[in-house]
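Residue numbers (this note's numbering), protein chains in the order written: chain A, 1 to 422; chain B, 1001 to 1231. Every residue, glycine too, gets a C-beta built ideally from N, C-alpha and C. Comments concern the structure below.
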Amino acid sequence: MTALFSLAWASLLNRKGSVILTLVAVALSVALFLGVEKARSGAREGFGNTISGTDLIVGAPTGSVNLLLYSVFRMGGATAEVTWPTYQKIAAREDVAWTVPIALGDSHRGYRVMGTSLDYFEHYRFGGGQSLAFAEGQPFGDLFDAVIGSEVARDLGYALETPVTLSHGLGSADLGSGHENRPFRVAGILKPTGTPVDRTVHVSLPAITAIHVGWETGAKNPLADTIPENMIRSFDLTPKTVTAIFVGLKRKGTLLTTRRAINTNRGEPLMAIIPGEALAELWNVTSVAERALLAVSAFVIAVGLVSILTSILSSLNERRREMSILRATGARPHHIFFLLVLEAGLIGFLGAGLGILLVHGLLAVLAPLLQAQYGVAFGMGGPGLVDFAVLGVVTAASLLIGAVPALTAMQRSLADGLSVRL
Amino acid sequence: MSGHVIDIEGLTFAWKQGPQILDIPAFRLDAGERVFLRGPSGSGKSTLLGLIAGVLAPQVGTIRVLGEDMAALSPPRRDHLRADHVGVIFQMFNLVPYLSVTGNVLLPLRFSPARRRAAGSDAAGEARRLLTRLGLEDEELLKRRVSDLSVGQQQRVAAARALIGAPELVIADEPTSALDTDARDRFIALLSEEVTRSGASLLFVSHDARLAPLFTRAVDLAAINRAGVSA
């Protein structure tokens, strides 16, 4: 076999031009597949990293995925809220260590605004236990202070002390019917987290109440803007409702009983979800699209493999003479067969290897950019299990596919014998 | 062992649905002989060589090569016999384009452990020795791509390849038809010398009757083949 291996190698070198083209086709197809796979696993990881350390998320009854989407991913909206007394009841439970209430519903130039307490900066965790950290400034101290995520700061060009006016509702356009009479100032800018926190404007809960003074009917009272700021500051700004509550427990062991207790709360109906569970559920929903993408890129690999077949088949005619020389010098039909199978396998192996190098090279260069620009985290690090699996599968498939031209060549060489007419 | 390197008796052969092209009552080639077999193209020479080399199987009659009845051997056994005991030189385009000169000479050793053993531990040295004897001693020449060699040089490389590992039988199929007279005579002289030195037998096929005196015996294919297909 080693004799054949060096023959196959020399034969490939002799046809560098077409072999390199085939290699590139295989390499690109493998790179595409692995790129999709890395983006997928990166997205999955980023997904799971969005929230950690929170044992339960509590909100008004809805779907668990929906609650997760609006409370953690700032997507969609709540149809109902949790009243303040009920929040206080949960916060006072003896098995609860901490709570972070959040109020959603307003936006700033397309970015969600979230009202919360100072506990948020202490207890919210992401990416396997990392705390939020400030790049500049500090948590909100004044009623009209805002803390913005890194992406908000970067995209809108905001620095500390920049005035910020909020809009009522979630529209990205400023419709003029907003809270422009109650400007905030940027008090702090968070460091990048790669989570929806980066795209959030954080204010205090009383601030949310304050900007809605005069909105009690659901629409803006024409007189709302006439109420002076110092008067608002003197109001009782305790919120009437919150959108959701992040809950940390004293002991993880009580997780299920606490959840059941909240879910079966008498009086106001509530729903408590375990973030990890809801994330898995959400992932199941999105994984259909992701699998489709993976399937498409797998087909691209198949196309790459077919190009190996084409390249070898088309070389067979001009190599007829070579085959009969090999036969005359003692090569058995199976030598001819394995020579061509080996050539196909070598192209597959080298092409896949090249593709893996390509993907890792590109990722090394582009991943930081993509992460910064789009918040897409790729599965990083050196070649992993997936890469070796792809290398193995592509090589095996090329060997198999090589059997087609190999059989043709073998049969031909038997028919040709020693006398190939040129 | 019958003692003959080639021993043909009552051999007939026809391609599928074609006329009979070989009908040879008897033909023998003994050890150490250098036989010239004359036949015009289309006289069934290539078919006969295919039968002797074992890539074709005889239909009627017997053909023994080194005592082995080719009809009784399976195709793989015939392949083994050829790999171990027969060197072949073609008319043209004898060399594998992607191997070096030495790589081409060493090619039979890849497929035959017996010839690998016969060539000794320094196979590359043996190849160089054969090439030198055949007049290809120039180191520069050996480094060139085989397609850059002249036809005469290519044929000498092919001769070295046929001789390496000391096969008992060397078959040459019109190896000189692309050479001019000088190169042709020199090639035959060198080949004969090396065949004699290694103790092999030579079956040299050509349409050119003028070559006959250069061999120990000359046979006209038309004289031994009753099928008598005319060119």
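For Glu-281(A) versus Val-65(A), is the C-beta spacing smaller than 9 angstroms?
-> Against a cut-off of 9 angstroms, the Cβ pair of Val-65(A) and Glu-281(A) comes out as a contact.
Member of Ala-39(A), Ile-208(A) and Ala-298(A) whose CA lies at the smallest distance from the CA of Thr-243(A) | Ile-208(A)
So with Cβ pairs under 9 angstroms, would you call Leu-7(A) a contact of chain B?
-> Yes, because at least one Cβ of chain B sits closer than 9 angstroms to the Cβ of Leu-7(A).
Throw me the rounded Cβ distance for the Leu-69(A) and Gly-76(A) pair, which I believe falls under 8 angstroms.
-> With a Cβ gap of about 5 angstroms, Leu-69(A) and Gly-76(A) count as contacting.
Hey, how far is the Cα of His-123(A) from the Cα of Leu-104(A)?
-> For His-123(A) and Leu-104(A), the distance between alpha carbons rounds to 18 angstroms.
Take Arg-199(A) and list the residues in its own chain whose beta-carbon comes closer than 8 angstroms to its own, dropping the five residues that flank it on each side.
-> The answer, listed in chain order, is Arg-74, Tyr-111, Arg-112, Gly-149, Glu-151 and Val-152.
At a cut of 8 angstroms, does the segment 399–416 of chain A reach the segment 333–344 of chain A through at least three beta carbon pairs?
-> Taking a cut-off of 8 angstroms for Cβ pairs, the segment 399–416 of chain A and the segment 333–344 of chain A touch, as three or more such pairs fall below it.
Strand pairing of Val-1219(B), partner residues [DSSP] = Leu-1037(B)
Same chain, Cβ closer than 7 angstroms to Val-1086(B), neighbours up to 5 away in sequence not counted = Ala-1053, Pro-1167, Leu-1169 and Ile-1171
Considering only the beta carbon of each residue, do Thr-1216(B) and Glu-1033(B) sit closer than 9 angstroms?
-> Taking the C-beta atoms as reference points, Glu-1033(B) is found nearer than 9 angstroms to Thr-1216(B).
With a 10 Å radius around its C-beta and 16 neighbouring C-beta atoms as the bar for buried, classify Glu-216(A) as buried or exposed.
-> It is exposed - the Cβ of Glu-216(A) has fewer than 16 other Cβ atoms within 10 Å.
Own chain, CB closer than 6 angstroms to Leu-1131(B), minus 5 neighbours either side, in chain order | Ala-1160
What residues in the segment 316–340 of chain A bring their beta carbon closer than 8 angstroms to a beta carbon of chain B?
-> Arg-321, Glu-322, Ile-325, Leu-326, Arg-327, Ala-328, Thr-329, Gly-330, Ala-331, Arg-332, Pro-333 and His-335
With DSSP collapsed to three states, give me the class of Gly-77(A).
-> The three-state reading of DSSP puts Gly-77(A) in coil, since its state is none of H, G, I, E or B.
Between Gly-1120(B), Ser-1147(B), Val-1157(B) and Ala-1119(B), which lies nearest to Glu-1137(B) when the distance is taken from Cα to Cα?
-> The shortest Cα separation from Glu-1137(B) among Gly-1120(B), Ser-1147(B), Val-1157(B) and Ala-1119(B) belongs to Val-1157(B).
Is the CB of Ala-409(A) under 9 angstroms away from at least one CB in chain B?
-> No, its Cβ sits nowhere closer than 9 angstroms to a Cβ of chain B.
Beta-carbon of Phe-1090(B) versus every beta-carbon of chain A: anything under 9 angstroms?
-> Interface residue, yes.
Identify whether Pro-445(A) lies in helix, strand or coil by the three-state DSSP scheme.
-> The structure shown does not extend to residue 445(A), since chain A is modelled only from 1 to 422, so the question has no answer here.
Same chain, Cβ closer than 6 angstroms to Pro-163(A), five either side skipped, listed in chain order = Pro-183 and Arg-185
Partner residues on chain B for Leu-13(A), Cβ-Cβ distance less than 9 angstroms | Tyr-1098
Along the segment 392–404 of chain A, what residues have a CB closer than 7 angstroms to any CB found in chain B?
-> none
Between the C-alpha atoms of Ala-1183(B) and Gly-1152(B), what's the straight-line distance to the nearest angstrom?
-> One C-alpha to the other measures close to 7 angstroms.
Would you check if there are 3 or more beta carbon pairs closer than 8 angstroms linking the segment 82–97 of chain A to the segment 250–267 of chain A?
-> yes
Quick one: what does DSSP say Thr-83(A) is sitting in, helix, strand or coil?
-> strand
Looking at C-alpha atoms only, which residue of Leu-363(A), Gly-17(A), Thr-22(A) and Thr-50(A) is the closest neighbour of Val-36(A)?
-> Leu-363(A)
In the DSSP assignment, find the alpha helix (DSSP H) that holds Arg-321(A) and state where it starts and stops.
-> 320–328
Taking the alpha-carbon positions, what's the Gly-157(A) to Phe-349(A) distance?
-> 48 angstroms
Consult DSSP for Arg-112(A) and reduce its assignment to one of helix, strand or coil.
-> strand
Could you tell me the distance, in whole angstroms, from the CA atom of Gly-42(A) to the CA atom of Ser-1100(B)?
-> 49 angstroms
If you draw a straight line from the C-alpha of Val-431(A) to the C-alpha of Asp-1208(B), how long is it?
-> A question about residue 431(A) goes unanswered here, because the residues of chain A that appear run from 1 up to 422.
Keeping to the same chain, check which residues put their C-beta closer than 8 angstroms to that of Leu-1073(B); ignore five residues upstream and five downstream.
-> Gly-1054 and Leu-1081
Alpha carbon to alpha carbon, how far is Ser-18(A) from Ile-1089(B)? Give it in angstroms, no decimals.
-> 30 angstroms
Going by alpha carbons, who is nearest to Ser-287(A) out of Ser-29(A), Arg-321(A) and Ala-39(A)?
-> Ala-39(A)
Check whether Ala-1119(B) and Leu-1109(B) have beta carbons under 9 angstroms apart = yes
Hey, does Arg-1028(B) have any beta-carbon neighbour from chain A nearer than 9 angstroms?
-> no
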